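Q: UniProt numbering applies: residue 1 is where the sequence shown begins, and numbers increase by one.
Below is the structure I would like to discuss, written out as structure tokens.
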Amino acid sequence: MTSTLQPHHINHHTTTTTLTGNFQNQQQQPTNISVPDNLFHYHTYPLSPNNINNRCCSVVVLSISASINTVWSILRRFDNPQGYKNFLKSCHVIVGDGKEVGSLREVNVISGLPATKSIERLEILDDEKKVMSISIVGGDHRLNNYRSVTTLHRTVEDDGDGDRTMVVESYVVDVPQGNTKEETIVFVDTIVRCNLQSLVQIAENLEKNKRI
């Protein structure tokens with residue numbers, strides 16, 4: 001069974017919201033996103049009446065022409081996010097082994113962004129369900145109380161070109177002082193989308209090399 005994620009405004013009378021999508025001008029991304037029921041709840045974030053006006057959430061979705069195992073082998077590397085995230089120049093695991101929940105990593109950001117480093121915690125790493133979640137707990141950046149969840153699931157395409165994987169990455173974050181929700185979503189979506197587009201290229205190239 002699958003559930004459909006649809007962009008919508010937050011209901012101020014509820015304590016949770018699903019994904020608020022910023023879907024305009026995103027290539028390869030449908031306006032309605034079907035996610036298996038066993039993954040849907042990972043993309044739901046609690047918002048209380050006290051923080052609903054200064055928190056925002058969004059989702060980026062891309063389809064990858066590679067098997068789910070190939071994509072997951074890249075994505076799951078908590079110790080090596082710079083393997084596909086081009087905005088990062090280095091990463092060091094400072095607590096734990098990078099495979100267990102609670103592990104912490106320090107990532108250094110390339111120059112030109114409004115950040116220098118970030119301390120991030122591994123919240124979920126489920127190899128069976130293909131779910132990964134991280135939160136930002138420190139560092140020099142503007143993404144306060146940031147948490148993201150990335151899930152993978154198989155898709156069936158009509159073009160017959162082999163395995164395809166859908167990657168869904170959602171996040172929730174505080175709106176920085178002086179910025180609007182819309183500005184925050186545009187900024188974070190741009191970074192997430194660039195990261196996932198890099199993941200697409202790397203995974204597809206790796207899949208092609210496996211077939212040679």
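In this text, a Cβ means the ideal position worked out from N, Cα and C, and glycines have one as well.
A quick note: this is a predicted structure, and the numbers were derived from the prediction, not measured.
State the DSSP-derived secondary structure class of residue 146, mapped to helix, strand or coil.
A: Three-state DSSP puts residue 146 in coil, outside helix and strand.
Q: In angstroms, rounded to a whole number, what distance separates the CA positions of residue 126 and residue 53?
A: Straight-line Cα distance between these residues: approximately 32 Å.
Q: Taking three-plus beta-carbon pairs below 8 Å as touching, is the segment 104 to 113 in contact with the segment 59 to 68?
A: Segments in contact, no.
Q: Taking the DSSP output, what are the residues bridged to residue 194?
A: DSSP output for residue 194 lists no bridge partner at all.
Q: Does residue 90 come out as helix, strand or coil in the three-state DSSP assignment?
A: Residue 90 falls in the strand class under three-state DSSP.
Q: I'd like the list of long-range same chain contacts for residue 175, defined as Cβ closer than 6 Å, with 5 residues on each side in sequence excluded.
A: If we look at residue 175 and ignore the five residues flanking it on each side, its Cβ neighbours are 54, 56, 181 and 184.
Q: Taking the alpha carbon of residue 203 as the point to measure from, which residue in 135, 100, 76 and 146 has its own alpha carbon closest?
A: The shortest C-alpha separation from residue 203 is found at 76.
Q: Tell me the DSSP bridge mates of residue 120?
A: Answer by DSSP bridge pairing, in chain order: 105 and 136.
Q: Taking three-plus beta-carbon pairs below 8 Å as touching, is the segment 79 to 90 in contact with the segment 190 to 199?
A: Touching, per the Cβ criterion.
Q: Relative to the alpha-carbon of residue 215, which residue among 151, 186 and 163 has its alpha-carbon at the smallest distance?
A: Missing from the structure shown is residue 215; the chain here goes from 1 to 212 and no further.
Q: Could you name the residues of the same chain whose beta carbon sits closer than 6 Å to that of residue 135, not counting the 5 residues immediately before and after it, in chain order?
A: These residues qualify, in order along the chain: 121, 123 and 147.
Q: Please state if the CB of residue 168 and the CB of residue 71 are separated by a distance shorter than 8 Å.
A: Against a cut-off of 8 Å, the Cβ pair of residue 168 and residue 71 comes out as no contact.
Q: Which runs of the beta strand (DSSP E) fall wholly inside the segment 52 to 86 and span at least 3 residues, in chain order?
A: DSSP runs (the beta strand (DSSP E)) wholly in the segment 52 to 86: 55 to 64.
Q: At which residues does the beta strand (DSSP E) containing residue 97 begin and terminate?
A: Residue 97 -> no beta strand (DSSP E), and no H or E assigned at all.
Q: Taking DSSP's pairing of strands, which residues face residue 153 in a bridge?
A: For residue 153, which the question treats as bridged, DSSP gives the partners 166.
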